[in-house]
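Heads up: the structure comes next, in structure tokens.
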Amino acid sequence: MKKLLLLVSLLMVFNFGYAQINPEDKLGTWYELGSNHKISDKTSIDTYTQVWLYELNDNFNFFLFKLAYNYHFNPKLTATMYLGYSDFDGDINVSAPHTYERRITEQISFKHKLSKIPLDHRFRIEHRFFRKHDSKPKAARLRYRLGTKFNLNKTVFVRLTNELLLTPKFSNTPENRFYTGLGFNISKSHNIQLGYMNRNTSSKANLHRIQVGMYFKTDFRKNKS
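Numbered according to mature numbering (1 follows the signal peptide of the UniProt record, and there is no 0), the sequence shown spans residues -19 to -1, 1 to 206.
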């Protein structure tokens, strides 16, 4: 328990090092649906859908769909290639033209233990191709996420993550996303999570979001190891 409290404190310090300026009044919601489909001992496919709302259950903000191919070097190290599509409404009040995006992402994820604390690291490079009503800009974004997961029992677990996102073309100020949530294992292959996301954007907006997610796995290997 002491190690859990220490890690939470470190993540909070990591998060609040970015000043909480211009807080938004509305409590929004992020919905996620993620899946992993094992094809062989070394390969798998992911699908991922995300919907953001500016308010608790209203006012569309963002939609994202991603399809990914994973190569598992070993149980701790995985390389991933994503293709993604998104639809973004950038204003909470005004009905403005949406921004659409096609995204190519390279990712490396690595898991290990520090003492008895499980840690996971995720590094991403995103190549983003936007389509606005009057232009088609391009940008690269760098992302690093540190996370951990603690099992309280066979059914319930705690998930903690903190992620930095930087788009040098648009801003030298990183975006920061801190997440803490409670997860429930419905079965060996299904879990749901309910949590809180604090998002400090590169424009200094401080956003508070409830995050609801469902995640599942399937295994299509003929001879399962």
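Heads up, the beta-carbon is just placed ideally off N, CA and C, and yes, glycines get one too.
{"Asked": "7 Å Cβ cutoff met for L147 and P155", "Found": "yes"}
{"Asked": "DSSP-derived helix/strand/coil call for A99", "Found": "Note that residue 99 is Pro in the sequence shown, not Ala. In the structure shown, P99 sits in a strand (DSSP, three-state: E or B)."}
{"Asked": "DSSP-derived helix/strand/coil call for R190", "Found": "strand"}
{"Asked": "Coarse secondary structure for F151, derived from DSSP in three states", "Found": "coil"}
{"Asked": "Own chain residues within Cβ distance below 8 Å of K94, not counting five before or after", "Found": "L100"}
{"Asked": "Given F41 as reference, the closest of D68, T182 and K203 once Cα atoms are compared", "Found": "D68"}
{"Asked": "Cβ neighbour criterion (16 or more within 10 Å) applied to K135", "Found": "exposed"}
{"Asked": "N-terminal and C-terminal residue of the beta strand (DSSP E) that Y160 is part of", "Found": "E156 to N166"}
{"Asked": "Cβ pair R202, K19 closer than 7 Å", "Found": "yes"}
{"Asked": "Buried or exposed by the 16-neighbour rule on C-beta atoms within 10 Å, applied to R124", "Found": "buried"}
{"Asked": "Residue burial classification, N143 (beta-carbon count within 10 angstroms, cutoff 16)", "Found": "buried"}
{"Asked": "7 Å Cβ cutoff met for L145 and T161", "Found": "no"}
{"Asked": "Residues near F111 by beta carbon distance below 8 Å, same chain, minus five either side", "Found": "T80, Y81, E82, K117, P118, K119 and A120"}
{"Asked": "D200 versus S76: straight-line alpha-carbon distance, rounded", "Found": "43 Å"}
{"Asked": "Identity of the residues DSSP links to A77 by a beta bridge", "Found": "Beta-bridge pairing links A77 to no other residue."}
{"Asked": "Segment contact flag, the stretch 18 to 36 with the stretch 173 to 187, C-beta cutoff 8 Å, min 3 pairs", "Found": "no"}
{"Asked": "Cα-Cα separation between K7 and D39, rounded to whole angstroms", "Found": "11 Å"}
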